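Below: one structure, written as structure tokens.
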Amino acid sequence: MANRIYSAVVGSGGYLPGSPVSNNAMVERLRDSGLETSDEWIRERTGIEQRYFATDDQTTSDLAYHASLAALEQAGLEPNAVDLIVLATSTPDMVFPSTACRLQHKLAIRQCAAFDVQAVCSGFVYALATADLFIQTGQAQTALVVGAETFSRILDYTDRSTCVLFGDGAGAVVLKASDKPGILAHKLYARAEHEAILNTPGQLAHGRVCGSPFLTMDGQAVFRLAVEVLESSAREVVGLAGLDLQAIDWFIPHQANRRILAMVGKRLQIPESRLIATVGQHANTSAASVPLAFDVARRDGRLQAGQTVLLQGVGGGFTWGAEALRL
Ligand SMILES: CC(C)(COP(=O)(O)OP(=O)(O)OC[C@H]1O[C@@H](n2cnc3c(N)ncnc32)[C@H](O)[C@@H]1OP(=O)(O)O)[C@@H](O)C(=O)NCCC(=O)NCCS
930 MANRIYSAVV GSGGYLPGSP VSNNAMVERL RDSGLETSDE WIRERTGIEQ RYFATDDQTT
990 SDLAYHASLA ALEQAGLEPN AVDLIVLATS TPDMVFPSTA CRLQHKLAIR QCAAFDVQAV
1050 CSGFVYALAT ADLFIQTGQA QTALVVGAET FSRILDYTDR STCVLFGDGA GAVVLKASDK
1110 PGILAHKLYA RAEHEAILNT PGQLAHGRVC GSPFLTMDGQ AVFRLAVEVL ESSAREVVGL
1170 AGLDLQAIDW FIPHQANRRI LAMVGKRLQI PESRLIATVG QHANTSAASV PLAFDVARRD
1230 GRLQAGQTVL LQGVGGGFTW GAEALRL
């Protein structure tokens, strides 16, 4: 039997637009709409201290472009080495072409496969699993996998329970075919019966936006389900990788809320020292949150070659999934 082909992570990059927007800046902004919030409330309930918002002239593919360049540079590769782009977003530049194709153009890659994946805050984990399968089956050699969002464009600034939670950003990784691991295991799930607890229902039809173009959420229902599935998918995917939870060096769950991370960590008996948490600085950047956190920890030297990492997504759909990998 031929040796298995693995996907090795050979580079990562991140990009946060503009300058940080503090909780106090959000207090001011909401006051203009006649709403009250406070730095204390946001910190206590979510752990969020600041977020970044794209400037008016920046689109999701612009953010993706900067993150991708950083990832390719770290990998020591020219953009034209890429033969597959999988880009996760729920805030695409336009209905079509895909944001992945727009990114391909910005990177001046002449020809490769390029498409978007839409799984909201699980998007990056879905995109990474998809790219891994292309590499495992020999259909791609070098994949650029990106999570990029401009959630600031779909936030309702008259809804204080959601608009303080999200931010914009992009993260990217480069995967290369290798005979050494690599991505070890992944598993993806969706349970659409929970669509109503987190959605942005608006659509373009007959030249108009029909339905609300803003994110709506039942925060407590999302909280409960997120904790449940982050726990179950961590156990399952670590098992599929032939490991146990204690053998995982770093846990990088979707960065939605510090309290969710703490509760899952407690249930899995993971010490905080093995949990990467960037939600305080980035807020919830949806599909960008996991690759951004991964890149921060890789660049600050916490992630080291040979270590094992668990990446986890959870979000609208309702969707969730996880990947175990060896660096
Ligand atoms: C959204 C979330 C932070 C709200 O926290 P909570 O403890 O559940 O708070 P509640 O919704 O019960 O609201 C408590 C009170 O705070 C108020 N409140 C909501 N947002 C507020 C804000 N930004 N500032 C001040 N008060 C706020 C509510 O109006 C409510 O007031 P009331 O008691 O007078 O009615 C929390 O539910 C959460 O984090 N859920 C998960 C969200 C998430 O991660 N989504 C993305 C997943 S991919």
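The numbering used here puts the sequence shown at residues 930 to 1256.
By construction, the Cβ of each residue, glycine as well, lies at the ideal position given by its N, Cα and C atoms.
As the structure is a prediction and not an experimental result, all values here were calculated from the model.
Whose C-beta lies closer than 8 Å to the C-beta of residue i among residues of the same chain, with five residues either side of it excluded?
i	result
residue 949	979, 980, 981 and 1210
residue 1011	1001, 1036, 1038, 1041, 1071, 1072, 1073 and 1103
residue 1090	1146 and 1148
residue 1118	1158, 1162, 1248, 1249 and 1250
residue 1187	975, 976, 977, 1206, 1208 and 1209
residue 1033	1014, 1041 and 1043
Considering only their Cβ atoms, is the gap separating residue j from residue i smaller than 9 Å?
i	j	result
residue 1237	residue 1221	no
residue 1205	residue 1093	no
residue 1156	residue 1208	no
residue 946	residue 1003	no
residue 1019	residue 1243	no
residue 996	residue 1185	no
residue 1075	residue 998	no
residue 1182	residue 1240	yes
residue 1120	residue 1179	no
residue 1167	residue 1176	yes
residue 1224	residue 1101	yes
residue 1069	residue 1013	yes
residue 1045	residue 1029	yes
residue 1154	residue 1085	no
Taking the C-alpha atoms as reference points, what is the distance between residue i and residue j?
i	j	result
residue 1024	residue 1047	12 Å
residue 1137	residue 1161	41 Å
residue 1083	residue 1252	28 Å
residue 967	residue 952	7 Å
residue 991	residue 1055	21 Å
residue 958	residue 1213	18 Å
residue 1234	residue 1116	23 Å
residue 1123	residue 1049	14 Å
residue 943	residue 1005	16 Å
residue 955	residue 935	44 Å
residue 1099	residue 973	26 Å
residue 1007	residue 1064	19 Å
residue 1196	residue 1164	11 Å
residue 994	residue 1246	27 Å
Go ahead and label residue i buried or exposed: buried means 16 or more other beta carbons lie within 10 angstroms of its beta carbon, across all protein chains shown.
i	result
residue 1135	exposed
residue 1130	exposed
residue 1027	buried
residue 1031	buried
residue 1079	buried
residue 1202	exposed
residue 1096	buried
residue 961	exposed
residue 1198	exposed
residue 1066	exposed
residue 1022	buried
residue 984	exposed
residue 1061	buried
residue 1171	exposed
residue 989	buried
Within the same chain, show all residues whose beta-carbon is closer than 6 Å to that of residue i, passing over the 5 residues directly before and after it, in chain order.
i	result
residue 932	1108
residue 937	1105, 1107 and 1111
residue 1151	1126 and 1127
residue 1158	1243 and 1249
residue 939	1004, 1103 and 1105
May I ask you to list the residues that DSSP assigns as paired with residue i?
i	result
residue 980	950
residue 1045	1016
residue 1249	1118 and 1243
residue 1157	For residue 1157, which the question treats as bridged, DSSP gives no partner whatsoever.
residue 1278	No answer is possible for residue 1278: the residues shown for the chain start at 930 and end at 1256.
residue 1176	Residue 1176 is not bridged to any residue.
Are the C-beta atoms of residue i and some chain D residue less than 9 Å apart?
i	result
residue 1018	The question asks about chain D, but that chain is absent: this structure has only one protein chain.
Tell me which residues share the same chain as residue i and place their Cβ nearer than 7 Å to its Cβ, disregarding the 5 neighbours each side in the sequence.
i	result
residue 1227	941
residue 1132	1139 and 1140
Taking 8 Å as the cut-off, is the C-beta of residue i nearer than that to any heavy atom in ligand 3?
i	result
residue 1096	Absent from the structure shown: ligand 3. Ligands present: ligand 1.
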